[in-house]
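Numbering (the working numbering), first residue to last: 23 to 872.
Using N, Cα and C, we set each Cβ at its ideal position, and we do this for glycine too.
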């Protein structure tokens, strides 16, 4: 080994004890030559640059801070133990490498444990059920290997999640290196003060200290007081605080938030890292307030391969800059619960809770029977986790949960008896054949299981099936530690946050929620489905399904903002994520929005389009009249008129803006079309005209089908007619309105541009519009056939529009402002009165609570 290699290995070992600059000084004292020192500096700098420039995970960092951590070292103990465990449990080399890279980047954003004093606050944004626990365990392991001593994990507000988190950390951190760790909590016991707290942090105690605490005010208060008693010994105790489900209870609460800040106040060297899949509340904290805003970094974890997320199941809408044809509709795995079923499985009034008896409706019976079939099919396949779970979530009220016990038990016992009944068996066969036809197994690389093979497994499945009431008042909780579990779990908030429902196959979900973060966290069906990716199903109301599709759009847009801001020299203090609102959903709880400004719409550079339409005749005829009136006036006032009927296209150029405003005020936008609010659109146009002299002129276009016959033509004005286009609706059972999901294509946004535009990308079209039409808006009218039968390739997820009259769709394209854009306020709806389940305390905690 040459002089450089020898000294570089020494330098890396010194980094466990000293900061990089101090390690260099130690090498100098040890006699390393100036040339070797310079080479070591350069090598370390190359390594830090490599970490800072990692493409994944994406991150926004304060002040481009120096990176000290460059990855694991050969003499590490905690991280290699995790790698070994993951390898034994079947993790692929690529998955472990991804975890290694992401956790290295996060640790590099912490402060070196040997710095004299620091307070780091960061946020890691993951996906629901995507392995966030494994990620922060890896971060803890690497931080421990480098000298962090105290590890505090705030594990949600329920005992189930705290216990599950403790178990995982013990398995992956403590058991492989038992002499290196001391636990202040265990599986069955949250934090209870011990005597002589200082003994854990003295210089003679080299063990890392692990504490997994529930976010309960009583427990946190006791822990803060305990830390205070050891304050003299905490000056040189680097601490890492992991806040799991960081948007829950942490932000803007009168009891939990002050206690967490109190704990951090007792730690002179602390790194607070929040983990969440729904960061809406965290990103609405005032960055200038002395709170837990992620002022130092925000990390956006990549979506893992094979993960079932919101978008995969529900689809989403196209974002600005995307081609709608590239956005998927999601899988055909959502089944409708009729609105009239809701009051049969959930009391609609609080006064009706006690004495309520749920009905086993047809949809609930189908969902449960399908769950048993899926469990049997998975036993035939013999792949993936051996656990199989069904979630029933109708209410937060524990009395409602408990009322399901007898009806579900009776249904299971009757089914066990009825397995000899030919009619019952035929119904089961029909259900299985219908479901497997709608979602073919081969689309997921699986093979369909024949019903006769399933039938042989059904008796065992029914014998093993438990009915579990998992809530804060029940003693019978989901526990996957003692052999394979088959369970139908009924619960509320205890099943909605962080807790992994192993082998979740079927969900029956009709709970009313009013906030993005709550809605997203309720989706326990997100995660991995190895060996049964074709089999999961969700029964829910159409309204909830629509909300999840909107939420998938919000979530994707938020993550894209993080990625975009990385390239715009933003840092967490100048980061302003856009969270589009919904008329029936709050972004988060009202208390958590106290620091948020009113939402503002700025349409510069955006493309807006109608997606929802009522299907009744007069509403549609009114819109036809508004469109015909606009076209008639545009013909009179346009400076130029381009007619391409053979392409199904007309363009009227330089139309006065007041004609566009008149149209927007007369046209009926459906209330579910969040972006298409006539008042906001008109207000924005008027502000641009008055303040910037922009949008005074518009191009009005018509886009139809280039082929058709006399029966398919729609006439806007004499001499202006095009063939109607086809826009089928998404599959729902709702009547009275239709969701076509996407209207405009990328090509339509370039209809008024000169030159060849057919091959331009979305961004190139934007750029070209800035050059050719920097102050001109575009309004596009689409005549949509009232029947609109879907093409064969989309018949699984689409059905005919079947409106009473032909539909007029509208798209608007706004120019990108050269300077500051104008905004119009957009106020989110404030729904209140949502009942929240109480935090559950262990018996010990309950006795000690004030």
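Closest in C-alpha terms to residue 789, from the list 634, 628, 726, 709, comes 628. Secondary structure of residue 266 (DSSP, three-state): strand. Here the stretch 783-799 lies against the stretch 826-845, with 3 or more beta-carbon pairs under 8 Å apart.
For a cut-off of 8 Å, the C-beta gap from residue 209 to residue 194 is around 14 Å, too long to register as a contact. By the Cβ-count criterion, residue 376 is exposed, with fewer than 16 other Cβ atoms from all chains shown falling within 10 Å of its own Cβ. Straight-line spacing of the CA atoms in residue 284 and residue 206 works out to 19 Å.
Residue 37 counts as buried, since no fewer than 16 other beta carbons sit within 10 angstroms of its beta carbon. When secondary structure is reduced to three states using DSSP, residue 237 falls in the coil class, being assigned neither helix nor strand. The C-alpha of residue 806 is placed about 11 Å away from the C-alpha of residue 824. Rounded to the nearest whole angstrom, the CA to CA distance from residue 655 to residue 576 is 37 Å.
By the C-beta criterion, the stretch 212-221 is judged to be in contact with the stretch 247-265, since at least 3 inter-stretch pairs fall below 8 Å. With contacts defined as CB atoms closer than 7 Å, residue 664 and residue 673 qualify as a contacting pair.
Counting only runs of 3 or more residues that sit fully inside the stretch 614-702, the beta strand (DSSP E) segments are 621-623, 629-631, 634-636, 662-666, 671-678, in chain order. DSSP places residue 291 in the uninterrupted beta strand (DSSP E) bounded by 291-298. Here the alpha carbon of residue 464 sits roughly 18 Å from the alpha carbon of residue 401.
Residue environment for residue 200: exposed (fewer than 16 other C-beta atoms within 10 angstroms of its C-beta).
The beta carbon of residue 661 sits closer than 8 Å to the beta carbons of 675, 676 from its chain, once the five residues preceding and following it are set aside; these are given in chain order. Between the C-alpha atoms of residue 137 and residue 41 there is a straight-line separation of about 7 Å.
DSSP links residue 174 through a beta bridge to 233, 263. The beta-carbon distance between residue 104 and residue 89, rounded to whole angstroms, is 22 Å. This is too long to meet the 8 Å contact definition.
Membership of residue 441 in any alpha helix (DSSP H) is not indicated, and neither H nor E is assigned to it by DSSP. Per DSSP, reduced to three states, the secondary structure at residue 106 is helical. In chain order, 141, 263, 292, 294 place their CB closer than 8 Å to the CB of residue 286, counting only its own chain and leaving out the 5 sequence neighbours on each side.
Rounded to whole angstroms, the separation of the alpha carbons of residue 551 and residue 483 is 19 Å.
When the alpha-carbon of residue 169 is set against those of 336, 424, 133, the nearest one is in 133. Going by DSSP, residue 492 is part of the beta strand (DSSP E) stretching over 487-492. Linking residue 574 to residue 466 through their CA atoms gives a straight-line distance of about 22 Å. Pairing residue 528 with residue 511 gives a Cβ-Cβ distance that is not under 7 Å.
Looking only at 751, 159, 28, 211, the smallest Cα-Cα distance to residue 196 is reached by 159. In this structure, residue 566 and residue 531 form a Cβ contact; the two beta carbons are roughly 7 Å apart against a cut-off of 8 Å. Straight through space, the alpha carbons of residue 634 and residue 118 are spaced by roughly 44 Å. Judged by DSSP in its simplified three-state form, residue 250 adopts helix.
Nearest neighbour of residue 685 by Cα position, chosen from 582, 795, 831, 753, turns out to be 831. Considering only 384, 235, 252, the residue with the shortest C-alpha distance to residue 183 is 235.
Per the C-alpha coordinates, the member of 318, 266, 396 positioned closest to residue 298 is 266.
Between residue 124 and residue 94, the C-beta gap is not smaller than 7 Å, which leaves the two residues out of contact.
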